[in-house]
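First to last, the sequence lines map onto chains A and B.
Number 275 in our numbering belongs to position 275 of the first sequence; there are no gaps in the numbering.
Number 524 in our numbering belongs to position 172 of the second sequence; there are no gaps in the numbering.
Below: the structure, in structure tokens.
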Amino acid sequence: MNTTKPYAEHFGTVLTRGLVVVVFNVVIGLGLALRNDNMVAQMVYAQAIGLSIWITIECARHAFKRDPRSNWPVGWRRYLLLVGGILVGYTMGTLIGDAFSGFSTWDLMLRQPRQTLGYLFLAFTMSAVITFFFHARGRGASLEQLAATAQRDASQAQLQLLSSQLEPHMLFNTLANLRVLIALDPPRAQEMLDHLVAFMRSTLTASRGMLHPLSAEFARLNDYLALMKIRMGERLVTEISLPEALSELAVPTLLLQPLVENAIKHGLEPKIDGGRLVVRAACEGADLVLTVRDTGVGISTVANDGTHFGVSQVHERLATLYGDAASFTLAPADGDEGGVLATVRIPLNQTA
Amino acid sequence: MNATALIAEDEPLLAAHLKAELARQWPELEIVASVGNGDAAVQQALALRPQVLFLDIRMPGLSGLEAAHALAEDWPDGSPFPLLVFVTAHDEYAIEAFERAAFDYVLKPATAERLAQTCSRLQDALRQRAQAPVQGNELDAAVAQLRGLLAQAPAAPAAPRLSVIQAGVGSTIHMVKVDEVLYFEAADKYVRVVTADHEHLIRLSLRELLPQLDPQRFWQIHRGTVVRADAVATAVRDESGKLTLSLREHADKLAVSRLYAHLFKAL
Numbered sequence: 001m002n003t004t005k006p007y008a009e010h011f012g013t014v015l016t017r018g019l020v021v022v023v024f025n026v027v028i029g030l031g032l033a034l035r036n037d038n039m040v041a042q043m044v045y046a047q048a049i050g051l052s053i054w055i056t057i058e059c060a061r062h063a064f065k066r067d068p069r070s071n072w073p074v075g076w077r078r079y080l081l082l083v084g085g086i087l088v089g090y091t092m093g094t095l096i097g098d099a100f101s102g103f104s105t106w107d108l109m110l111r112q113p114r115q116t117l118g119y120l121f122l123a124f125t126m127s128a129v130i131t132f133f134f135h136a137r138g139r140g141a142s143l144e145q146l147a148a149t150a151q152r153d154a155s156q157a158q159l160q161l162l163s164s165q166l167e168p169h170m171l172f173n174t175l176a177n178l179r180v181l182i183a184l185d186p187p188r189a190q191e192m193l194d195h196l197v198a199f200m201r202s203t204l205t206a207s208r209g210m211l212h213p214l215s216a217e218f219a220r221l222n223d224y225l226a227l228m229k230i231r232m233g234e235r236l237v238t239e240i241s242l243p244e245a246l247s248e249l250a251v252p253t254l255l256l257q258p259l260v261e262n263a264i265k266h267g268l269e270p271k272i273d274g275g276r277l278v279v280r281a282a283c284e285g286a287d288l289v290l291t292v293r294d295t296g297v298g299i300s301t302v303a304n305d306g307t308h309f310g311v312s313q314v315h316e317r318l319a320t321l322y323g324d325a326a327s328f329t330l331a332p333a334d335g336d337e338g339g340v341l342a343t344v345r346i347p348l349n350q351t352a
Numbered sequence: 353m354n355a356t357a358l359i360a361e362d363e364p365l366l367a368a369h370l371k372a373e374l375a376r377q378w379p380e381l382e383i384v385a386s387v388g389n390g391d392a393a394v395q396q397a398l399a400l401r402p403q404v405l406f407l408d409i410r411m412p413g414l415s416g417l418e419a420a421h422a423l424a425e426d427w428p429d430g431s432p433f434p435l436l437v438f439v440t441a442h443d444e445y446a447i448e449a450f451e452r453a454a455f456d457y458v459l460k461p462a463t464a465e466r467l468a469q470t471c472s473r474l475q476d477a478l479r480q481r482a483q484a485p486v487q488g489n490e491l492d493a494a495v496a497q498l499r500g501l502l503a504q505a506p507a508a509p510a511a512p513r514l515s516v517i518q519a520g521v522g523s524t525i526h527m528v529k530v531d532e533v534l535y536f537e538a539a540d541k542y543v544r545v546v547t548a549d550h551e552h553l554i555r556l557s558l559r560e561l562l563p564q565l566d567p568q569r570f571w572q573i574h575r576g577t578v579v580r581a582d583a584v585a586t587a588v589r590d591e592s593g594k595l596t597l598s599l600r601e602h603a604d605k606l607a608v609s610r611l612y613a614h615l616f617k618a619l
């Protein structure tokens, strides 16, 4: 993601990191000056070493293949970069400091090896801590960004789901039917309106809860099918079966909704004689099996007729919630009646 | 005034409502049939020859536009083409198209006022027709309107162009170069692919195939026929005005429907 940032923005983040390094260096320099009189020289050493390490790592980072999400090299290369960067940067910084102050750290080490090595060890550890701090902060920021992107994608999908369900053709046709019923058969009109309200409410609030009981899912399907039955008349025959024992199992909200919609929109509506739609919940071994079967025109040979959004929604939601444990298949249905069979399998132990 | 009409609407409540509303506003109008899909609409309209057609746009089988298209091709000469009223719940492109070309359109749910307007327009048009006996160019006018409508129907999403057609015969798949195809002809659920010396059947409808062909090279000349333009040798018009194509490399003759006759004009 950083790689696609505009140059100015990228430059800005680098500059910010540089400033943080300088501030760190000032603190270290002041700390060293407490023990040592030569404050200016200490400050120069601190800045030279700190900045050298930072610049070395910042530049060397580009030589590696980086994980686009964290912008750091992957695996052992990351640690090689950090340790190598500290070694190289520390040496360079020390040489710069020596050049400025006229000291020779090398000579000092030969004369007083223990004391110098102690210094070196302290400074080295300090550099390592700071470098790792940056490293962790960078990863944290990128993870945050990742989470934000995921959140945005989810909202996007939610919106798409909503607009696919409140598709104008469906809405206007339903309202047209409702208008006729108001004059013709007011009690039935009221019933239809109730179904429409329940259907729309569930669609609009589906984003809030991730799971609901299977009985709620079937109730929403019932609302939708009641609307479709008024519209399609005898062309639509439905069969819904939910065993009492399964009605409290938790399932993702509106999981079956897009499958039922597809079965009607792409299977039964285009078929001249219409047909049957069967929705079932059953237990098979350790799985909850939900099936949506229609006797419609079958899986279209035309590549893009709009079924993909609903189908990929189901795939994605199952994968997010259950990983590989759940599955979803869409296949031509067996038997003489033709049509399509959609099957969702969720492990029972995850539906409590 | 007395007149006959056919209603094609797949939603039973809406069909019943339209019927009831028409009965109230135009009691003399006889509804000769009420059907629920485009195929039945074409069949019944050809059999009963009503003067007015109320066609829903979205129906199972042929859509309202496709049904009108089919009727314009198959309508017998010498009998007045019905006045077309399209009915739609929500189709912005269609409304726009209707405003330019169709006799009338009605938005669902049809309000009494709007339908009254439609009825009086229809009555005027039918009265004019009765005064001036059937003119030969009446169907042509309807055809021109339909051509306008079809041109504005949203194009199918651009599909990649085919260069080779895979036609299965038993366990063998023949790879037929699209460049060698003389014409495609719809045959039930299949399409006949005709080349100079072979013929294949592929399991695809013409509607699915059409977007994958280069429209510059392959011309639709009939609801069920698409010809490679440079395979055509001559286009001959007979006394009754029917256009027939003969091909360079094949003895078959292809009929051009009225809807596509405008493609062949001498320079």
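The beta-carbon is built from N, C-alpha and C at its ideal position, and this holds for glycine as well.
DSSP links P379/B through a beta bridge to no other residue.
With 16 or more other Cβ atoms from the protein chains shown falling within 10 Å of its own Cβ, G416/B counts as buried. Residues of chain B whose Cβ lies closer than 7 Å to the Cβ of A176/A are, in chain order, L366, A441, K460 and P461.
Burial check for I86/A: the Cβ neighbour count within 10 Å reaches 16 or more, so the residue is buried.
The DSSP assignment places 364–377 and 390–400 as complete runs of the alpha helix (DSSP H) inside the region 360–424 of chain B, in order along the chain (cut-off: 4 residues). Within the region 402–419 of chain B, the residues whose Cβ lies closer than 8 Å to some Cβ of chain A are R410, P412 and G413, listed in chain order. Within 8 Å of the CB of H552/B, no CB atom of chain A is found; the nearest one sits about 17 Å away. Sequence-ordered contacts of the region 369–382 of chain B with chain A read H369 [C-beta pairs closer than 7 Å]. The continuous stretches of beta strand (DSSP E) do not include F616/B, and DSSP gives it neither H nor E. K541/B has its alpha-carbon roughly 26 Å from the corresponding atom of V495/B.
When the five nearest sequence neighbours on each side are left out, the beta carbons in the same chain lying within less than 7 Å of the beta carbon of L478/B are those of M353, A355 and Q403, in order along the chain. Just measuring C-alpha positions, the residue of L597/B, A607/B, E560/B and Q469/B sitting nearest A585/B is L597/B. Per DSSP, H169/A is one residue of the alpha helix (DSSP H) stretching across P168 to L184.
Between the alpha carbons of N262/A and G310/A lies a distance of about 8 Å.
Contact annotation: V251/A and L365/B have beta-carbon atoms that are not nearer than 8 Å. Listed along chain B are L365, L366, A368, H369 and P461, each with a C-beta nearer than 8 Å to that of V180/A. Interface annotation for the region 77–107 of chain A against chain B: empty, criterion Cβ-Cβ distance under 7 Å. No Cβ of chain A is located within less than 8 Å of the beta carbon of N354/B. Residue state for A355/B is assigned as strand, using DSSP reduced to three classes. The region 572–591 of chain B makes contact with the region 600–609 of chain B, as at least three CB pairs between them are under 8 Å. Between R61/A and L30/A, the C-beta spacing is not below 8 Å. DSSP places T547/B in the uninterrupted beta strand (DSSP E) bounded by Y542 to T547.
Using a Cβ-Cβ cut-off of 8 Å, R152/A does not count as an interface residue toward chain B, since no Cβ of chain B sits closer than that to its own. L400/B sits close to A385/B, with the two beta carbons spaced by under 8 Å. Distance between A357/B and L553/B, taken at the CA atoms: about 39 Å. Not one beta carbon of chain A lies nearer than 8 Å to the beta carbon of D456/B. C-alpha of R66/A to C-alpha of E191/A: approximately 60 Å in a straight line.
A residue is called buried when at least 16 other Cβ atoms come within 10 angstroms of its Cβ; C59/A does not meet this threshold and is exposed. For M210/A, no alpha helix (DSSP H) encloses it, and the DSSP letter there is neither H nor E. Cβ atoms of G89/A and T56/A come within 8 Å of each other, at about 4 Å. The three-state reading of DSSP puts A603/B in coil, since its state is none of H, G, I, E or B. Using a Cβ-Cβ cut-off of 8 Å, G275/A does not count as an interface residue toward chain B, since no Cβ of chain B sits closer than that to its own. Secondary structure note for R580/B: its beta strand (DSSP E) is the uninterrupted segment T577 to R580. In the structure shown, A281/A adopts extended strand secondary structure according to DSSP, grouped into three states.
The criterion of a C-beta distance shorter than 8 Å is not satisfied by L242/A and L288/A. Comparing alpha carbon positions, the residue from P512/B, T524/B and R555/B closest to A538/B is R555/B.
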